[in-house]
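To convert, note that position 88 of the sequence shown is 88 in the working numbering; the numbers rise steadily by one, no gaps. Cβ atoms here follow ideal geometry from the backbone N, Cα and C, with glycine treated the same way.
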Amino acid sequence: MVFKGRYGAHSMNAENDTQRRQLTALISTLSPKLDSKCYVFCSHSAFNYDDLIGLKPLAFIRESEGLSLILERAQADEGSLPYTGTFKRITLTVQSSLEAVGLTAAISQALAEARIPANIIAGTYHDHLFVPERFDQQALKVLSSLSDAPFASDH
1 MVFKGRYGAH SMNAENDTQR RQLTALISTL SPKLDSKCYV FCSHSAFNYD
51 DLIGLKPLAF IRESEGLSLI LERAQADEGS LPYTGTFKRI TLTVQSSLEA
101 VGLTAAISQA LAEARIPANI IAGTYHDHLF VPERFDQQAL KVLSSLSDAP
151 FASDH
């Protein structure tokens, strides 16, 4: 399919092929790294930004229900903060663009097929996955095997 636009003819197939090659390159070099620390997700309507100074969360986001934090489990335990479940962080050490198309979907699909829950957070340079602690080794194997998958080596 070809579209005529402001900058001339544009082929959707060429753009799709480029995106597919870029995704293939990213997946083939994911290099997942497991963090040894355990993390928890905490949320409370009374949290405010001043609390962040003492808590030093790995990440946080404001939700309508309150401020949600990702903390090391030890910090949450010290502060008697409630949480459900413990998670391990797996960092994809490949440097990916925030505009990369399909990387999160491919990772989510592979983990879902293995029945592994995952929460993905994009950083400026890397993606970080939080998987339940009991699935950390299995998730690492799934992610490491992605570079061997047929779609990842099909240039």
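Taking buried to mean at least 16 other C-beta atoms within 10 Å of its own C-beta, is residue i buried or exposed?
i, result
"Ser11", "Caution applies to Ser11, whose pLDDT of 45 falls short of 50 and renders its modelled position unreliable; the model cannot decide the point."
"Asp127", "buried"
"Leu52", "exposed"
Confirm, please, whether the CB-CB distance from residue j to residue i is below 8 Å.
i, j, result
"Val131", "Phe87", "yes"
"Ile70", "Ala139", "no"
"Leu111", "Pro32", "no"
"Cys156", "Glu113", "Since the first residue of the chain shown is 1 and the last is 155, residue 156 is not available in this structure."
"Ile116", "Thr104", "no"
"Ser43", "Glu63", "yes"
"Ala74", "Tyr83", "no"
"Leu30", "Leu143", "yes"
"Leu58", "Asp136", "no"
"Ser45", "Gly66", "yes"
"Ala122", "Leu129", "no"
I want to see whether chain C comes within less than 8 Å of residue i, judged by CB atoms only; does it?
i, result
"Pro117", "Going by chain labels, chain C is absent from the structure shown, which holds only one protein chain."
Can you pull the DSSP bridge partners for residue i?
i, result
"His128", "Thr91 and Ile121"
"Ala59", "Ile70"
"Tyr39", "Glu72 and Phe87"
"Lys33", "Thr91"
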